[in-house]
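Under the numbering used here, the final residue of the sequence shown carries the number 66; numbering is consecutive throughout.
Below is one structure, written out as structure tokens; the observations come after it.
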Amino acid sequence: MKFSRLRLSGFKSFVEPTDLLIEPGLTGVVGPNGCGKSNLLEALRWVMGESSYKSMRASGMDD
């Protein structure tokens, strides 16, 4: 499976709609602390079927 695009809207720190285009090859996610790197990866986990909110660093499914 390959991802080519991820659109986030209302997921954790991505309140406003955000589009991420994923180009072929190796993709790195870099940035300062608190900018949403982990939230981006957790969004991918959510899309892939993660259902445990505790493993997603949330207090409930509404977070």
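Quick reminder that beta carbons are idealized off the backbone N, C-alpha and C, glycines included.
All values derive from a computational prediction rather than experimental measurement.
| query | What separation, rounded to the nearest whole angstrom, lies between the Cα atoms of residue 35 and residue 44? | reply | 15 Å
**Asked** Out of curiosity, what's the CA-to-CA distance linking residue 33 and residue 42?
**Response** 12 Å
- request: Mind listing, in chain order, the continuous beta strand (DSSP E) runs of no fewer than 3 residues lying wholly within the region 13-37?
  value: 21-24
Worksheet entry | residue 82, enclosing alpha helix (DSSP H) - first and last residue | No statement about residue 82 is possible, as the shown extent of the chain runs from 4 to 66 and does not include it.
Note down, in chain order, each residue of its chain lying with its Cβ closer than 6 Å to the Cβ of residue 14, except the 5 sequence neighbours on either side.
-> 46
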